[in-house]
Structures are given as structure tokens and as C-alpha cells.
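Asker: Dropping a structure here in C-alpha cells format, bear with me for questions.
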Amino acid sequence: MSDNILVIGSGAGGATVARELSKKGKKVTLVEKGNFHPKGSAAKNLKSKLAIQEIDTIKEEKLKKNELYKYLIKNLTDDNVHRLNLELMYLEGVGGTTTVSMANACYACSSCYADSTTTQFQRHDLELYDEFLEASQEMNVNPLPFEYRGPITQKITDAGEKLGFFMEAMPKFIDFSICDKCGNCLFYCKTNAKWDSTFYINEAQKNGAELITDFNIKRVLHNQKRVTGVEGVFNGNKKIIKADKVILSAGALNTPIILRNSGIKKGVGENIFCDLFITVGAFLKDSNFNQEIPMGVKTEFGPYFISPHFSAYLPPLIEQKYKEQGKTVEVSSKDVVGFMIKIADESNGYIDKKGQIFKDISSQDLKLFEEGIKKASDILIEIGADPNSIVISPVRGAHPGGSAAMGRVVDESLQTEIEGLYIADASVIPRAPGRPPILTIVGLAKKLAKIIVQKS
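Set out below in C-alpha cells:
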């Protein structure tokens with residue numbers, strides 16, 4: 084008799100494992116806390132949680148003397164102005180954050196960063212090479228073709244190489260045969276050239292999987308450490324679904340809460356990372372950089388990388404900086420160029436019993452940001468941006484993980500201490516990769532599906 088398999092969450096991990104298992108004839112129910120977002124509206128529904136910085140007195144005094152830290156907190160108006168609270172972005176709904184991604188497909192290989200996710204999983208005897216190849220073919224992963232680079236992206240590439248940096252095309256999960264180069268990857272890909280996990284969800288449904296939306300799972304039910312089902316809230320009422328296997332793919336901020344409610348506490352909600360990032364930008368009149376395909380190239384520096392990136396934070400910050408210089412300059416989105424600096428931050432965050440997130444920015448994190456800011460600023464100046472206009476966005480995190488890490492909460496088969504309860508999301512990544520994780524999560528979910536099929 085076939086197992087009843089319930090998958091919680093429809094992002095990169097949940098959609099993938101549902102597709103893979105349904106292809107093998109397994110009975111799969113995919114449960115999503117949110118609902119469908121109308122085409123082009125997902126980015127408007129992005130949410131954020133505040134991660135509170137918790138620092139001791141000695142550390143606080145050191146941070147107060149750091150020039151970058153002082154710059155980053157200068158506009159804070161809350162009572163704890165010495166604290167740099169971090170904004171963590173997430174999205175609830177069918178497809179999860181894949182629907183608002185910039186289509187960056189990072190292979191997380193050790194050639195870019197010695198402590199890459201690939202290396203971290205290999206230390207636990209988990210190899211994802213074949214799964215990466217499968218996913219890359221299905222998701223149309225290819226480096227951004229030269230002819231798809233915008234003029235500013237190309238100027239940035241030339242300037243970076245002139246300054247001695249190795250600039251390379253960013254791998255993207257985009258079908259370039261139908262891409263219209265609109266540069267609107269984050270908000271709305273009208274041609275459906277960008278992959279997101281709804282592609283896999285549609286396939287899973289065709290294979291017989293059931294999708295239930297607006298179902299808020301609260302805990303996993305089990306008897307003598309073996310899964311029996313889940314309990315949650317549906318249409319305002321408590322509902323129980325029986326299951327033989329449950330796969331948690333609710334994301335690194337929700338998965339640990341469900342685990343704790345299910346009786347698993349050791350190591351859960353600890354050692355959280357966020358892949359912290361900032362955007363450095365400057366004024367370049369009529370550059371129209373905001374209309375180019377975002378993050379088309381990159382240059383790697385071990386625990387961080389930098390890539391051309393527009394942020395809506397930048398225009399008002401630049402206007403304000405000019406104002407402080409006694410100048411009145413109207414800055415629109417088309418007048419701004421920028422760089423994202425994404426770092427592998429220290430895994431020092433945690434979620435408390437009430438669900439509040441605490442996350443420190445460390446002196447090592449600041450050091451990586453400072454290095455990236457210098458490199459990004461040099462390139463911006465080289466392409467002709469006004470050096471007196473350079474600004475830095477607030478620190479944010481878009482890829483939280485580590486909250487149910489392999490070796491602490493799951494074993495090499497991605498199973499928890501409860502038999503039949505597995506995890507397939509960024510929670511299981513032990514340390515920050517400092518790289519976009521979607522391809523890694525898809526590979527993990529593919530591997531998990533194979534493990535489950537082999538066991539059954």
C-alpha cells in the first residue's frame with residue numbers, strides 16, 4: 084500500500100519534492116500556508132520580519148567605533164539607536180520566494196567559496212552533483228548570454244576587469260529563447276521565461292498530487308516517534324490530515340516553529356544565518372540601469388560576491404546625500420547605478436520561544452561589507468558615477484537558513500529524530516553560503532525524493 088506523503092510549503096523545496104515523488108506514483112498532498120498571487124503581484128506581497136540585534140557591552144563599544152556601523156545606524160529613530168536591527172524578507176503564497184527571485188542559479192561550488200553548501204553537505208556524506216545537473220537542465224540554467232547584458236552592465240564588466248577583477252556572467256534559470264530582456268525578473272516575467280516553483284507544482288498536480296492552500300500547519304503528529312499526520316488551521320477551524328511521511332519545506336523561519344510545536348527542540352531555531360546584503364549606489368544621469376536584467380554579472384571573493392543591482396532604496400538616499408552637501412538634485416530610478424554585496428554572515432542568530440528573531444551583525448560581517456563597498460565604489464567611479472553621491476542601503480537578509488541544520492537536527496538522509504519527518508528547505512544548510520540558494524534547495528529536494536523512493 085502506498086504511503087500518504089504530506090509536503091508542507093510550496094517553495095523551491097516543497098514543489099520539487101512533490102513533483103519528484105508524484106512522478107514515481109506516490110500519493111502526495113502539498114499544503115501551502117498562503118494562496119496564489121495574481122500574476123505580477125507577488126512582489127507587492129513581500130513581507131519582512133525584524134531581526135533584533137543582541138549585543139553585549141564590550142562588543143557594543145567596539146561596534147560604536149566602526150565607521151560603517153555608525154553610517155548604517157545613523158538614520159535609526161527607535162529607542163535603541165545603537166542597535167542595527169535587520170530586515171528579513173519573505174513571501175507566503177504558492178511558489179514561495181521563487182516567484183520574486185532574480186533567477187540567480189548558484190552552484191555553490193568550492194571553487195567560489197571553500198565553505199560552500201556543496202562542501203558542507205559532502206562533509207555529511209551527501210553528494211548533490213547529479214541532482215544539480217538534473218535541475219539545471221529542467222530549469223534552463225545558463226550563464227546570462229553576452230547579448231542580454233545591458234549597456235551599463237557591460238560598462239561595469241569592462242571597468243571591473245580594468246581594475247583587475249574577474250567578471251563572469253551570472254548563471255540564470257531563464258529560458259532565453261523567450262526572454263524579452265525587460266529586466267523585470269523580480270516583479271513580473273510576462274513571457275514566463277523565468278523558472279519558479281509553480282512550474283513544478285503544475286507538473287505535480289498533473290501527476291495526481293493534491294494542492295491545498297490557506298492551510299496553516301501548526302505541528303506534526305506522531306506516535307512513539309513515528310509520523311502519523313499533521314494538525315493545523317483551515318478556514319478558521321482545527322484540521323488534522325493523516326500521513327505516513329511529512330516533509331517540512333516551510334522555510335527557515337517557519338520550519339523551526341513547527342518542529343518545536345511537534346516536540347523537537349534540540350538544536351532547533353539556533354545558529355541562523357541570513358546571507359546579509361547591502362546595495363551600494365551612485366548617481367549616473369539617464370543611465371537606465373534599472374531597466375536591465377538584474378545581476379547579470381558577478382565577481383567572487385570567497386565569503387562574499389558583488390553584482391550589479393538596482394534598489395529602490397537608492398534614489399531617495401542619493402537625494403538626501405546631495406541635500407546634505409547643499410545641492411538640490413532630483414534623482415529618479417533611471418539615474419542610479421548600484422552593486423549588491425552579499426556576504427556569508429556568521430551563523431549567530433536564533434528564534435526565541437515567542438518566534439522573535441535575534442541576529443547580530445558581527446565585526447567579521449562588517450569587514451566583509453567594507454571590502455565589498457570599496458570594490459563596488461571603485462567600479463562605480465570608473466564607469467563615471469558621481470563619487471560624491473555614493474550611498475549604502477540598509478542591511479537586509481533574503482535567504483535565512485541554518486535553523487534546523489544537518490548534523491544537529493537532521494541526518495544525512497534529511498530525516499529528523501521522528502521517523503518519517505524530513506526537511507527540505509534552507510533550514511538544513513549548516514552555515515551561510517553567501518550565495519543564492521534556490522538551485523541548492525531544488526537539488527536537496529531531488530535527493531530527498533530519491534532517498535524516500537529507495538527506502539520504500
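Residues 84 to 539 in our numbering are what the sequence shown lists, from first letter to last. We put the beta carbon where it would ideally sit given N, CA and C, even for glycine.
According to the Cβ coordinates, are Ala292 and Ala101 closer than 8 Å?
Answerer: Result yes, Cβ atoms of Ala292 and Ala101 sit closer than 8 Å.
Asker: Please classify Ala287 as buried or exposed, where buried requires at least 16 neighbouring CB atoms within 10 angstroms.
Answerer: So Ala287 counts as buried.
Asker: Which residue comes first and which comes last in the alpha helix (DSSP H) that contains Arg102?
Answerer: Segment Ala95 to Lys106, the alpha helix (DSSP H) holding Arg102.
Asker: When you compare only the Cα positions, how much space is there between Thr499 and Leu174?
Answerer: Their backbone Cα atoms lie some 25 Å apart in a straight line.
Asker: Report yes or no: do the region 512 to 532 and the region 90 to 110 share at least 3 C-beta pairs separated by less than 8 Å?
Answerer: Cβ pair count under 8 Å is three or more, so yes.
Asker: Mind checking whether Ile426 and Pro386 have CB atoms under 8 Å apart?
Answerer: Contact flag set, yes.
Asker: Relative to the C-alpha of Val474, which residue among Ser93, Phe248 and Phe422 is closest?
Answerer: Ranking the options by Cα distance to Val474, first place goes to Phe422.
Asker: Which residues in the same chain as Thr523 place their Cβ atom closer than 6 Å to its Cβ, once the five residues preceding and following it in sequence are excluded?
Answerer: Excluding sequence neighbours, Thr523 sits near Ala191 and Thr200.
Asker: Under the three-state reduction of DSSP, which class applies to Pro470: helix, strand or coil?
Answerer: Helix at Pro470.
Asker: Tell me which same chain residues have a C-beta within less than 8 Å of the C-beta of Asn373, skipping the five on either side of it?
Answerer: Within the same chain, Asn373 has close Cβ partners Gly266, Phe393, Ser416, Lys417 and Val419.
Asker: Within this structure, are the beta carbons of Glu495 and His207 separated by less than 8 Å?
Answerer: In this structure, His207 lies closer than 8 Å to Glu495 by Cβ.
Asker: Can the beta-carbon of Thr236 be found less than 8 Å from the beta-carbon of Asp508?
Answerer: No. Outside cutoff.
Asker: Within 8 Å, do at least three Cβ pairs link the region 297 to 313 to the region 273 to 284?
Answerer: Verdict: no, contact absent.
Asker: Nearest to Pro377 by CA position, among Leu146, Ala395 and Thr411, is which residue?
Answerer: Looking at the Cα atoms, Ala395 is the closest of the given residues.
Asker: Give me the Cα-Cα distance between Gly467 and Pro254, rounded to the nearest whole angstrom.
Answerer: Approximately 27 Å, taken between the alpha carbons.
Asker: Which whole-angstrom value is the C-beta distance of Leu209 and Ala365, which I expect to be below 8 Å?
Answerer: Between Ala365 and Leu209 the Cβ distance is about 43 Å, and since that is not below 8 Å, they are no contact.
Asker: Determine the extent of the beta strand (DSSP E) in which Gly315 is found, giving its start and end residues.
Answerer: Taken as a continuous stretch (DSSP letters only), the beta strand (DSSP E) holding Gly315 covers Val310 to Phe317.
Asker: Could you please give the first and the last residue of the uninterrupted alpha helix (DSSP H) stretch that includes Glu244?
Answerer: Where Glu244 is concerned, the enclosing alpha helix (DSSP H) stretches over Pro234 to Lys245.
Asker: Rounded to a whole number of angstroms, what is the C-alpha to C-alpha distance between Gln537 and Pro399?
Answerer: When rounded, the distance between both Cα atoms is 55 Å.
Asker: For Ala365, report the span of its beta strand (DSSP E) as first-last.
Answerer: From DSSP, the beta strand (DSSP E) with Ala365 extends over Leu359 to Phe366.
Asker: So, helix, strand or coil for Asn128, using DSSP?
Answerer: Three-state DSSP puts Asn128 in a helix.
Asker: Indicate whether Gly455 and Ile389 have their beta-carbon atoms separated by less than 8 Å.
Answerer: The answer is yes: Cβ separation under 8 Å.
Asker: Which residues bound the alpha helix (DSSP H) around Tyr212?
Answerer: Tyr212 to Glu221 is the extent of the alpha helix (DSSP H) around Tyr212.
Asker: Mapping DSSP to helix, strand and coil, what is Asp343?
Answerer: For the record, residue 343 in the displayed sequence is Arg; it is not Asp. Three-state result, Arg343: helix.
Asker: Sorted by chain position, which residues of the same chain lie with C-beta nearer than 6 Å to Val541's C-beta, five sequence neighbours on each side aside?
Answerer: With the chain covering 84 to 539 only, the question about residue 541 has no answer from this structure.
Asker: Given a cut-off of 8 Å on the beta-carbon distance, is the pair Ile401 and Ser472 in contact?
Answerer: Contact: yes.
Asker: Hey, out of Asn118, Glu314, Leu216 and Gly438, whose CA is closest to Val177's CA?
Answerer: The shortest C-alpha separation from Val177 is found at Asn118.
Asker: Assign Thr274 to one of three DSSP states: helix, strand, or coil.
Answerer: Three-state DSSP puts Thr274 in coil, outside helix and strand.
Asker: Using a Cβ-Cβ cut-off of 6 Å (strictly less than) and excluding sequence neighbours within five positions of Val525, which residues of its own chain qualify?
Answerer: Hits under 6 Å: Ala95, Thr99 and Ala218.
Asker: For a test of the three-state rule: what should DSSP assign to Gln498, helix, strand or coil?
Answerer: Strand at Gln498.
Asker: Would you please state the rounded distance, in angstroms, between the beta carbons of Arg242 and Ile257? I believe it to be under 8 Å.
Answerer: The residue you asked about is not Arg; residue 242 is Ala in the sequence shown. That belief does not hold up - the Cβ atoms of Ala242 and Ile257 are roughly 25 Å apart, past 8 Å.
Asker: Pick out whichever of Ser124, Gly247 and Asn225 has its Cα sitting closest to the Cα of Lys273.
Answerer: Selected option, being the one with the closest Cα: Ser124.
Asker: Checking the sheet assignment: what are the DSSP bridge partners for Val492?
Answerer: BP columns for Val492 are empty, so no partner.
Asker: In terms of residue numbering, what span does the alpha helix (DSSP H) encompassing Pro398 cover?
Answerer: Unbroken alpha helix (DSSP H) run through Pro398: Leu397 to Glu407.
Asker: Quick check: what's the CA-CA separation for Glu144 versus Val363?
Answerer: About 26 Å.
Asker: Between the alpha carbons of Asp448 and Val492, how many angstroms are there, rounded?
Answerer: Cα to Cα, the separation comes out at about 26 Å.
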